[in-house]
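In this note's numbering, the protein residues as written are 1 to 146.
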């Protein structure tokens, strides 16, 4: 569970991809998927369910027949991280550096670094680019002063 806690601190949620392997070589995505299977089969002890719930475990990924639900989840994550990063810049007065985390331990610096990468490689959707430019006018700058 410590690996999942670290993942949540870095990514802001517990929505690991099935193929995800952490930096220590632990197949966290498969582990999370196995816990979901145990949960559905009624094989997961109540204390484990409670502990995973406290971490923010998402037990059912497809709770809606809506094929865009994954997109909604990604958009919600983007919006949440943008709000966290904006709050940081207002409070601290600078853009977060790659290793910076907000007061809740969420890796907003890493998230911003990823957005810069997506922008540089032409992979960022236009609507997200507009949102970033509105909330963080100098977000592409590596000079961290806002």
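Virtual Cβ for every residue (Gly too), placed ideally from N, Cα, C.
Neighbour-count burial assignment, residue i, 16 or more Cβ in a 10 Å radius
i           : result
residue 67  : Confidence is the limiting factor: at residue 67 the pLDDT is only 47, short of 50, which leaves the residue's position unreliable and the question unanswerable from this model.
residue 107 : buried
residue 122 : exposed
residue 134 : exposed
residue 120 : exposed
residue 8   : buried
residue 1   : exposed
Beta-carbon gap between residue i and residue j smaller than 8 Å
i           : j           : result
residue 55  : residue 5   : yes
residue 30  : residue 18  : yes
residue 35  : residue 44  : yes
residue 128 : residue 109 : no
residue 13  : residue 77  : yes
residue 132 : residue 89  : no
residue 84  : residue 100 : no
residue 138 : residue 95  : yes
residue 3   : residue 26  : yes
Residues that residue i bridges to, as DSSP identifies them
i          : result
residue 85 : BP columns for residue 85 are empty, so no partner.
Helix, strand or coil at residue i [DSSP, three-state]
i           : result
residue 79  : helix
residue 158 : Any property of residue 158 remains undetermined from this structure, which presents the chain solely from 1 to 146.
residue 123 : coil
residue 24  : coil
residue 106 : coil
residue 61  : coil
residue 52  : helix
residue 12  : coil
For residue j and residue i, believed in contact at Cβ under 8 Å, the rounded distance
i           : j           : result
residue 111 : residue 81  : 5 Å
residue 32  : residue 16  : 5 Å
residue 115 : residue 124 : 7 Å
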